[in-house]
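Note that the numbering used here has the sequence shown beginning at 1, numbered continuously upward. Using N, Cα and C, we set each Cβ at its ideal position, and we do this for glycine too.
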Amino acid sequence: MRPNKAKAVLLLLAGVLALGLVALAWAIGTGSSEAQEGAMHNCPQAGKWAISVWDGDDGTETGQALATCAAVPVLAAYHLDPETGGWLGWFRDHPDPPMSTLASLDNMQGVMTLGAVGAPLPTPTPTPTPTGQYSFTFPSFYSEPDTFQGTVEEIRMMDSIPGQDFYPGATPPAGGQFAVVLMKVTNIGSEGASVGTFGFRLRDDQGRLFTMDFSEAMSAALAAEAYFDRQGLYDTV
């Protein structure tokens, strides 16, 4: 049941994203004639995600298009490929292949963008990267109305992920790595009771949700997976 639920969540989130991109592109296309050509609309705020749309020439290099978000630099951008159903990504600190796979943008193409908060994305290295920057609150799938809080404690870059439970092992595309997020999860609904520390690898190279260090706290693990998947903070790099 767990793989099916995870797959359903992924499909639902992808559908919501697609509808949002279409609506925003339509609004820009039918809006004021004062809209400036060659500009990214709805740029993200610092440390926030946004659905942005490129209003300019087809085939514009992604970095060039995102550079029009002058107020807040864009750290990362994601686009859901309608042909393959997979995610293409662009990273400011690593704009070239194989790290970045979103090479260019067409007119009225929408992307999920992340605004910079003064710190670069984690450097892709096997050395563990400590972080205390990200802390989130989200509901449990199975224990509503319980509320969980997850705090990212470490990000590890890995060349592969071993198989575990329902999931086979996974390797990223040639030259890539996985970003594994180690997150401490606390059940706020039970007087702040800790439910453990979990590692999450959101998507493997085949688009499946993937969990490491899974324990008996299934609801916390699934809720955390869904949250990070929705935010798109960490994906194959």
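If you draw a straight line from the alpha carbon of W90 to that of T101, how long is it in whole angstroms? 6 Å
Whole angstroms is fine: what's the gap from R92's alpha carbon to T186's? 32 Å
Measure the Cβ-Cβ separation of L114 and W54 and say whether it is below 8 Å. no
With C-beta atoms as the reference, is M112 less than 8 Å away from A77? yes
Taking only the alpha-carbon atoms, compute the straight-line gap between T84 and C43 and give it to the nearest angstrom. 26 Å
Exposed or buried, G56, counting other C-beta atoms within 10 Å across all chains shown (16 or more means buried)? buried
Anticipated Cβ contact below 8 Å, H94 with L88, distance rounded: Their Cβ separation, rounded to whole angstroms, is 14 Å, which puts H94 and L88 out of contact at 8 Å.
Among residues of its own chain, excluding the 5 on either side of A65, which ones have a beta-carbon nearer than 7 Å to its beta-carbon? M40, W54, G56, L105
Helix, strand or coil at L102 according to DSSP, with G and I counted as helix: coil
Under the DSSP definition of a beta bridge, which residues are partnered with A39? D55
Would you mind working out which of G47, I51, D81, D96 sits nearest G303, comparing C-alpha positions? For the chain, the structure presents residues 1 to 237; residue 303 sits outside this window and is missing.
Residues in the same chain with beta-carbon distance under 6 Å from L75, minus the five sequence neighbours each way, listed in chain order, please. R92, L114, A116, L121
Measure the C-alpha to C-alpha separation of K48 and A67 and round it to an integer number of angstroms. 17 Å
Starting from G63, trace the alpha helix (DSSP H) in both directions and tell me its first and last residue. 62-66
Could you tell me the boundaries of the beta strand (DSSP E) in which T113 lies? 110-115
Distance cutoff 8 Å, beta carbons only. Does R92 sit that close to anything in chain C? Among the chains of the structure shown, chain C does not appear; only one protein chain is present.
Nearest to D81 (by Cα), restricted to the options M99, G59, G110, A46: G110
Express the C-alpha separation of Q45 and A103 in angstroms, rounding to a whole number. 23 Å
From this set, P98, M99, A50, which residue's C-alpha is nearest P73's C-alpha? A50
By DSSP's criteria, V74 is part of a beta bridge. Which residues make up the other side? G115
Pop quiz: D58 and N107 are said to be a contact at Cβ under 8 Å. What is the actual Cβ separation, rounded to whole angstroms? 5 Å
What is the rounded straight-line gap between the Cα of S52 and the Cα of P98? 23 Å
Who are the near neighbours of T60 in its chain, counting only those whose CB is closer than 7 Å to its CB and skipping five residues on each side? W54, S104, L105
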